[in-house]
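Asker: Right, I'll just put the structure down here and ask away after.
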Amino acid sequence: MSENRWLATGNFFTSYKAEQRIFQTHIDRLVFIGLLVLMFVWPLIFAVSNKYMLVIDSILIAIVAVYGLNLLTGFAGLISIGHAAFVGVGAYTLATFARLLGSNHVLLTHYWPLMIVLAGIVGAIIGGIVGLPSLRLKHLYLVIATLSFQMIFQWVINFSKFYDQGQSIAIGRVFWFTGKVARKQHYFLWYYVILVVVIILGFAVRNLLRSKHGRCLVAVRDNDRAADAMGMHPGFTKVYAFALAGFFAGVAGALHAYLWRGVGFESFMLHHSISYLAMAIVGGLGTLVGSIVGPVAILMLELQVESLSEFVGHYFTSIGDVATALRPLSFGLVIVLFLMFEPRGIANWWRIVRSYFKLWPFRY
Amino acid sequence: MSYFFQLVVSGIVVGSIYALSALGFVLIYKSSRVLNLAHGQIIASGAFITYALTVWVGIPIVISFLLSMGITFFLAMSVERVFLRRLIGEPIISVIMVTIGLMSIIDGLIYMTPFGAGNFSFPEFLPKTPVALWGVSISWTQLVGVIITFIMIGGFTWFFKASTVGISMRAVSDDQFASMSIGISVPKVFGLAWAAAGLSAAAAGGILGNITGLNFYVLHSFGIIVFPVVIVGGLDSIFGAVVAGIIMGLIQQFAAGYLDGNWGLYGTADVLPYIILLIILLFKPHGLFGIHEIERV
Numbered sequence: 001m002s003e004n005r006w007l008a009t010g011n012f013f014t015s016y017k018a019e020q021r022i023f024q025t026h027i028d029r030l031v032f033i034g035l036l037v038l039m040f041v042w043p044l045i046f047a048v049s050n051k052y053m054l055v056i057d058s059i060l061i062a063i064v065a066v067y068g069l070n071l072l073t074g075f076a077g078l079i080s081i082g083h084a085a086f087v088g089v090g091a092y093t094l095a096t097f098a099r100l101l102g103s104n105h106v107l108l109t110h111y112w113p114l115m116i117v118l119a120g121i122v123g124a125i126i127g128g129i130v131g132l133p134s135l136r137l138k139h140l141y142l143v144i145a146t147l148s149f150q151m152i153f154q155w156v157i158n159f160s161k162f163y164d165q166g167q168s169i170a171i172g173r174v175f176w177f178t179g180k181v182a183r184k185q186h187y188f189l190w191y192y193v194i195l196v197v198v199i200i201l202g203f204a205v206r207n208l209l210r211s212k213h214g215r216c217l218v219a220v221r222d223n224d225r226a227a228d229a230m231g232m233h234p235g236f237t238k239v240y241a242f243a244l245a246g247f248f249a250g251v252a253g254a255l256h257a258y259l260w261r262g263v264g265f266e267s268f269m270l271h272h273s274i275s276y277l278a279m280a281i282v283g284g285l286g287t288l289v290g291s292i293v294g295p296v297a298i299l300m301l302e303l304q305v306e307s308l309s310e311f312v313g314h315y316f317t318s319i320g321d322v323a324t325a326l327r328p329l330s331f332g333l334v335i336v337l338f339l340m341f342e343p344r345g346i347a348n349w350w351r352i353v354r355s356y357f358k359l360w361p362f363r364y
Numbered sequence: 001m002s003y004f005f006q007l008v009v010s011g012i013v014v015g016s017i018y019a020l021s022a023l024g025f026v027l028i029y030k031s032s033r034v035l036n037l038a039h040g041q042i043i044a045s046g047a048f049i050t051y052a053l054t055v056w057v058g059i060p061i062v063i064s065f066l067l068s069m070g071i072t073f074f075l076a077m078s079v080e081r082v083f084l085r086r087l088i089g090e091p092i093i094s095v096i097m098v099t100i101g102l103m104s105i106i107d108g109l110i111y112m113t114p115f116g117a118g119n120f121s122f123p124e125f126l127p128k129t130p131v132a133l134w135g136v137s138i139s140w141t142q143l144v145g146v147i148i149t150f151i152m153i154g155g156f157t158w159f160f161k162a163s164t165v166g167i168s169m170r171a172v173s174d175d176q177f178a179s180m181s182i183g184i185s186v187p188k189v190f191g192l193a194w195a196a197a198g199l200s201a202a203a204a205g206g207i208l209g210n211i212t213g214l215n216f217y218v219l220h221s222f223g224i225i226v227f228p229v230v231i232v233g234g235l236d237s238i239f240g241a242v243v244a245g246i247i248m249g250l251i252q253q254f255a256a257g258y259l260d261g262n263w264g265l266y267g268t269a270d271v272l273p274y275i276i277l278l279i280i281l282l283f284k285p286h287g288l289f290g291i292h293e294i295e296r297v
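Top line first, the protein sequences correspond to chains A and B. The first sequence begins at 1 in my numbering and counts up one residue at a time. The second sequence begins at 1 in my numbering and counts up one residue at a time.
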């Protein structure tokens, strides 16, 4: 995975094809394949408890969602603080089926790959509709428009009888070739499903960015008038970026619903949108590595803070609510510190480390 | 009919507090073009400081009201100095995200205090019997709150129109380079704008706390509802903020009074401002009184 923007001096490409290659060297490719094999094999070797598997699965789902947000905010330059609502659209697509047909209907339990794609498509359609204001709005105004979508989504779920006022709506256990997936294998199965989705969509993003359709997002971000002059349609591109983000979010939402075997209102609130945005920023906006590293970093931090606040709660029972306080506090500090000192995110550290090893023993 | 007038009166009361909170927002946007998402949290901290000074320290409420305005004045100024000064010239997304981060940080700090959970109400210091005007009753707290609000808004309008600092703020909002060349210190103006916003936020928080009592959750949602108000009014117009604040207050009261419970609708007061916001953004993005600077693609 090469970052063409940050090429070292002396790197010359002789053809466009060489420049667009996903893996620059054979070693890159080997390392990547090794990593994939490792990701597939390790749960078979180590026994992992359901609790940790759930955490890992949640991280992978967040990666899928952040792919979409990073496309929208990092590559197309459109800020959205309604991403959790898009994820919610995907999850509630499944909930709609569960409410209409019953939570154990064949469609939900047997044809779940189809349902995941369908949730993505619904997410894309809603994303495109929400993206319509972006035809006339920029920056600040767009932030507020997506914010209001988030609020309207919360209201719709919270006050509609059909969705049980945001109470958890159950989704049945899915079937694999061997039959119904029991509680023991549930997180195990979904680890592999989500991992495959993450890999497929990761390649999809990478390939999208190599193609005309991906590069026009970047062109519109950098200068929409110039992009217009070069024959792209900025308005269409912006709506299309929203639809793409909606697709990724919808898939993530469907996976979330299946993993938790239910859809509840409180997983798609405003502060979730903010944490998706934080993941994208901490990882590095406009990089593919960033959308993988960011969710890992933020969710790991959240876990650590949780255990820390449990620890602190034992000793300082008198001072307010330290446990609830530490989470937003650490979270806000991470966002602010990253923006002030490393606006290019963790992906930039990754780049520095990589180029150090590549050039060793020379300094440049 | 008296039900209608009652709704109008409470709409104006709520709306004028919206206007006062939107004022601080507009002040920051007008001078530095920063969309301050943490404004609701500044309002909340102003309200809690007023409460702590009045009830825990035991200072008379009028003095503690003024004192908390002073404290948030310096608080907001230091926030600008520490976090936002070094982001001048950075892309807009960084600035917005920093204010989101600030929102989280202030949230965390408030959760550390006892104010994070539970309800708090100010001691009554005005007569309890409501004033009856033409068959509509309005409590003394509400009346005094509205009067203070309008005095403050009037003061800020004058400040922007006539005082030297206000004029330099307007100059900076118009053109930063030109104002630098005539000797205005742009960072100083930004700091002052934040300070003034903090001051008005504390006032809004104090009045709100006296009228409805203090609850962090409520103050939180109050901070978000400021967005529809400022957008409808136009992001950089003080007059627009006042008009839009009162419109929003009226709409919310009417929705709660007439729509809820009919046709299976509930909680419409919470969502209508955002629907209106979206409609306004689609058809008149610069708001009712804002400057036209939106472009089409």
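For glycine and all other residues, C-beta sits at the position ideal for the given N, C-alpha and C.
For the structure I just gave you, are there three or more beta carbon pairs, one from the region 286-298 of chain A and one from the region 55-75 of chain A, closer than 8 Å?
Answerer: The region 286-298 of chain A, when compared against the region 55-75 of chain A, does touch it at the 8 Å Cβ threshold.
Asker: Leaving aside the five residues before and after I28(B) along the sequence, list all residues of the same chain whose C-beta is less than 7 Å from its C-beta, in chain order.
Answerer: Here the set comprises V34, N36, A193, W194, A197.
Asker: Pick from G313(A), K358(A), A241(A): whose alpha carbon is nearest that of G77(A)?
Answerer: When only C-alpha atoms are compared, the closest one is A241(A).
Asker: Taking a contact to mean a Cβ-Cβ separation below 8 Å, would you say S80(A) touches A254(A) in this structure?
Answerer: It is not a contact, given that the beta carbons lie outside the stated cut-off.
Asker: Does DSSP put A38(B) in a helix, a strand or coil?
Answerer: If DSSP states are grouped into helix, strand and coil, A38(B) belongs with coil.
Asker: Along the chain, where does the alpha helix (DSSP H) containing I105(B) start, and where does it finish?
Answerer: Looking at the DSSP string, the run of the alpha helix (DSSP H) that includes I105(B) is 92-112.
Asker: Pick from L259(A), Y315(A), M269(A): whose alpha carbon is nearest that of L60(A)?
Answerer: Of L259(A), Y315(A), M269(A), the residue nearest in Cα terms is L259(A).
Asker: Measure the C-alpha to C-alpha separation of A52(B) and S307(A) and round it to an integer number of angstroms.
Answerer: C-alpha separation (whole angstroms): 31 Å.
Asker: Taking 8 Å as the threshold (beta carbon to beta carbon), is R86(B) in contact with chain A?
Answerer: Yes, its Cβ sits closer than 8 Å to a Cβ of chain A.
Asker: So if I threshold CB-CB distances at 8 Å, which residues from the region 204-227 of chain B count as touching chain A?
Answerer: Hits within the stretch, in order: I224, F227.
Asker: Grouping DSSP H, G and I as helix and E and B as strand, with all else coil, what is W137(B)?
Answerer: It should be noted that the sequence gives Ser, not Trp, for residue 137(B). Correct three-state label for S137(B): strand.
Asker: Would V271(B) pass as an interface residue toward chain A - the criterion being a Cβ-Cβ separation below 8 Å?
Answerer: It does: the Cβ of V271(B) has a partner Cβ on chain A nearer than 8 Å.
Asker: Below 6 Å CB to CB, which residues in the same chain sit around V305(A) once its five sequence neighbours on both sides are set aside?
Answerer: Correct list, in chain order: L326, R327, S330.
Asker: Who are the near neighbours of V297(B) in its chain, counting only those whose CB is closer than 6 Å to its CB and skipping five residues on each side?
Answerer: Caution applies to V297(B), whose pLDDT of 46 falls short of 50 and renders its modelled position unreliable; the value that the coordinates give is listed next. Within the same chain, V297(B) has no close Cβ partners at all.
Asker: Under a three-way DSSP split, which group does N119(B) fall into?
Answerer: Strand.
Asker: Less than 8 Å between CB atoms is the rule here; does P285(B) satisfy it with respect to chain A?
Answerer: Closer than 8 Å: yes.
Asker: Within 8 Å (strictly less), CB to CB, does M103(B) reach chain A?
Answerer: So yes, M103(B) belongs to the interface.
Asker: List the residues of chain A that V98(B) touches, going by C-beta distances under 9 Å, in chain order.
Answerer: Chain A residues near V98(B): I335, V336, L339, M340.
Asker: With 7 Å as the limit, tell me which residues of the region 260-277 of chain A have their beta carbon closer than that to any beta carbon of chain B; keep them in chain order.
Answerer: Cβ contacts with chain B: I274, L277.
Asker: If you reduce the DSSP assignment to three classes, tell me which class V297(B) lands in.
Answerer: Confidence at V297(B) is low in this model, with a pLDDT of 46, below 50, so its placement is unreliable and no value can be given for it.
Asker: When the cut-off is 8 Å and only beta carbons count, does F289(B) lie next to chain A?
Answerer: Chain A, which has no Cβ nearer than 8 Å to the Cβ of F289(B), makes this no.
Asker: Checking contacts by CB at 8 Å: is I279(B) closer than that to chain A?
Answerer: For I279(B), the answer is no, since every Cβ of chain A falls outside 8 Å of its Cβ.
Asker: Using a Cβ-Cβ cut-off of 8 Å (strictly less than) and excluding sequence neighbours within five positions of A18(A), which residues of its own chain qualify?
Answerer: None.
Asker: Give the straight-line distance between the Cα atoms of V197(A) and M269(A), rounded to the nearest whole angstrom.
Answerer: The straight-line gap from Cα to Cα measures roughly 24 Å.
Asker: Just mark R136(A) as buried or exposed, buried being the case when its beta carbon has 16 or more other beta carbons within 10 Å.
Answerer: By the 10 Å Cβ count, R136(A) comes out buried.
Asker: Helix, strand or coil: how does DSSP classify L293(A) here?
Answerer: Leu is not the amino acid found at residue 293(A); the sequence shown has Val there. Looking at V293(A) - three-state DSSP - the assignment turns out to be helix.
Asker: So, are the CB atoms of L339(A) and S104(B) less than 8 Å apart?
Answerer: Taking 8 Å as the Cβ cut-off, L339(A) and S104(B) do not qualify as a contacting pair.
Asker: Locate the alpha helix (DSSP H) running through S185(B), then write down its first and last residues.
Answerer: Counting along the chain, S185(B) falls outside any alpha helix (DSSP H), and DSSP gives it neither H nor E.
Asker: What span of residues does the alpha helix (DSSP H) with P113(A) cover, start to end?
Answerer: 112-131 is the extent of the alpha helix (DSSP H) around P113(A).
Asker: Tell me the rounded alpha-carbon separation between L38(A) and V117(A).
Answerer: Whole-angstrom Cα-Cα distance: 27 Å.
Asker: Measuring straight from C-alpha to C-alpha, what distance separates I211(B) and G154(B)?
Answerer: Answer to the nearest angstrom: the Cα atoms are 21 Å apart.
Asker: Since V82(B) is in the alpha helix (DSSP H), which residue starts that stretch and which ends it?
Answerer: Unbroken run through V82(B): none, as it is neither H nor E.
Asker: Measure the alpha-carbon distance for V334(A) versus V79(B) and round it to whole angstroms.
Answerer: Each residue's Cα considered, the two are about 16 Å apart.
Asker: Looking at C-alpha atoms only, which residue of L109(B), D270(B), A269(B), L288(B) is the closest neighbour of G234(B)?
Answerer: For G234(B), the nearest C-alpha among the options comes from L288(B).
Asker: Are the CB atoms of F149(A) and V122(A) nearer to each other than 8 Å?
Answerer: No, they are not a contact pair.
Asker: Express the C-alpha separation of L108(A) and G267(B) in angstroms, rounding to a whole number.
Answerer: Taking the straight line joining both Cα atoms gives about 32 Å.
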